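Written out below as structure tokens is the structure these notes cover.
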Amino acid sequence: KITPVAQKVSKDEDSCVHCGVCTAMCRPRALEIDRATWKVRFDSEKCVACGLCVKVCPVKAMETQLENGIL
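Heads up, the sequence shown is in the UniProt record's numbering, so the first residue is 1 and it goes up one at a time.
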């Protein structure tokens, strides 16, 4: 068995204060400010799990998680 390790990023909606710091770091634009609500939207489909948002979030609302699968 080979167990590949991949990571994904998740957003804790309860912790997020919607400051927008993460949006400045997100090159694939998975994190964007919704101009209608002024809240940060997270599109996990666009996320490449680089982890930059995790490093800059002042309230630690962004988190890297490991995914395990069997090949």
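Beta carbons are placed, not taken as given, at the ideal position from N, Cα and C, and that holds for glycine. Small disclaimer: the values here were computed from a predicted structure and weren't measured.
Determine the contact status of residue 59 and residue 28, defining contact as a CB-CB distance below 8 angstroms.
no
Residue burial classification, residue 17 (beta-carbon count within 10 angstroms, cutoff 16)
exposed
Identify which residue in 51, 45, 64 and 67 has its Cα closest to the Cα of residue 30.
45
Report the CB separation of residue 23 from residue 40 in whole angstroms; it is logged as a contact under 8 angstroms.
6 angstroms
I believe residue 19 touches residue 53 by the beta-carbon criterion, under 8 angstroms. Please report the beta-carbon distance rounded to the nearest angstrom.
Between residue 53 and residue 19 the Cβ distance is about 12 angstroms, and since that is not below 8 angstroms, they are no contact.
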